[in-house]
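Some notes on the structure that comes next.
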């Protein structure tokens, strides 16, 4: 799928205060990180390739419903989303995708190989939900993947053809302001809305 560099990560947990601090030091307009000493560190999509080994060329990752064949985003929202009765919004629970990644089990509880292309594609799509929602493009709500990322899930089986550096960089910059506002107003954000691992 083209995400092999992520297998090298050796981090189990990041302190929340460090994540908050990093996100407040990000200047999304000028695409740079300001250190505690005032030193400015420019960040570009090319740095994502250096840090994570992601592909920095290829097709643009679909960002809007109109970037996909008609009805595909809706079909994926139905397939992976759940309606929240309180606000009637669709959410994609990362915990559901994580369960699928544990793999199919036989009657004795032993892991069974993925038997066909449909199962392999479903595995890749669920992997993409966890990867996007927890590591590369988390939302400000840590338990759910943003439905805005369903385009990325739709192209999971052909992921190695897409420019993930551009996509993840744009997501980080776009969501930095959301996180900064939540921290300013509420003093708290359930998630950062961008990849803090990249900023480390």
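Numbering (our numbering), first residue to last: 1 to 200.
Using N, Cα and C, we set each Cβ at its ideal position, and we do this for glycine too.
Since we're looking at a predicted model, the values are computed, not measured.
CA-to-CA distance, residue j to residue i, given in whole angstroms
i	j	result
residue 156	residue 134	16 Å
residue 129	residue 187	28 Å
residue 177	residue 190	15 Å
residue 117	residue 96	20 Å
residue 120	residue 198	29 Å
residue 196	residue 98	21 Å
residue 125	residue 148	15 Å
residue 78	residue 37	48 Å
residue 20	residue 169	18 Å
Burial state of residue i, where buried means 16 or more other Cβ atoms lie within 10 Å
i	result
residue 41	exposed
residue 84	exposed
residue 66	exposed
residue 172	buried
Three-way DSSP call (helix, strand, coil) for residue i in this model
i	result
residue 32	strand
residue 74	helix
Beta-carbon separation (whole angstroms), residue i vs residue j, contact threshold 8 Å
i	j	result
residue 161	residue 59	6 Å
residue 18	residue 73	Between residue 73 and residue 18 the Cβ distance is about 35 Å, and since that is not below 8 Å, they are no contact.
residue 122	residue 100	7 Å
residue 56	residue 165	4 Å
residue 220	residue 145	The shown model of the chain, from 1 to 200, leaves out residue 220, and the question about it has no answer.
Sheet register partners of residue i (DSSP bridge)
i	result
residue 162	59
residue 84	89
residue 42	32
residue 145	92
residue 27	32
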